[in-house]
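Visitor: In this note's numbering, the protein residues as written are 29 to 140.
Cβ atoms here follow ideal geometry from the backbone N, Cα and C, with glycine treated the same way.
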Amino acid sequence: MKGTYLGEFEELVLLTVGILFDDAYGLAIVDELEKKTGRNIMMSSVHKALLRLEDKGYLKSRMGGATAVRGGRDKRLYILTEAGKKVLSESREMRNEMWKEIPKIVWEVTQA
């Protein structure tokens, strides 16, 4: 397994694969990411992230059946691995702990 560093976009892609569960494929991931983030998402960026995440062992993929909507082409479906679930959980825990450590005064002070 390659390095375990998880970038922001990779984390968003992993979360989206989890959200889509049995229907996590390229275009569905792009559509969901755009809906959730309000950003324009490039398909190529998602494909690169999916490959990296699979190399890191956080995702597994398989070929799904062909559909008329896709012109008879198969789609590659992604699912979180145990390592992917673990890295997401660890990321959430770390962020939650860091949020808790921000003093309340930070939120009360207005800056000019």
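What's the gap between the Cα of A52 and the Cα of L105?
Guide: 5 Å
Visitor: Unbroken alpha helix (DSSP H) runs of length 4 or more, entirely within the stretch 60-103: which are they?
Guide: 71-83
Visitor: Using the C-alpha atoms, what's the distance from K64 back to V74?
Guide: 15 Å
Visitor: Pick helix, strand or coil for I133, following the three-state DSSP scheme.
Guide: helix
Visitor: For I57, count the other beta carbons within 10 Å of its own beta carbon; 16 or more makes it buried, fewer makes it exposed. Which is it?
Guide: buried
Visitor: What are the residues that DSSP puts in a beta bridge with I107?
Guide: K88
Visitor: Roughly how many angstroms separate the alpha carbons of T44 and E129, rounded to a whole number?
Guide: 28 Å
Visitor: Leaving out five residues on either side along the sequence, give the residues of the same chain with a beta carbon under 7 Å from the beta carbon of E38.
Guide: Closer than 7 Å at the Cβ level, and outside the excluded window around E38, lie A77, R80, L81.
Visitor: Using CA coordinates, which residue listed in D102, L116, M91, I47 is at the minimum distance from E36?
Guide: L116
Visitor: Using the rule of at least 16 other Cβ atoms within 10 Å of the residue's Cβ for burial, across every protein chain shown, is I69 buried or exposed?
Guide: buried
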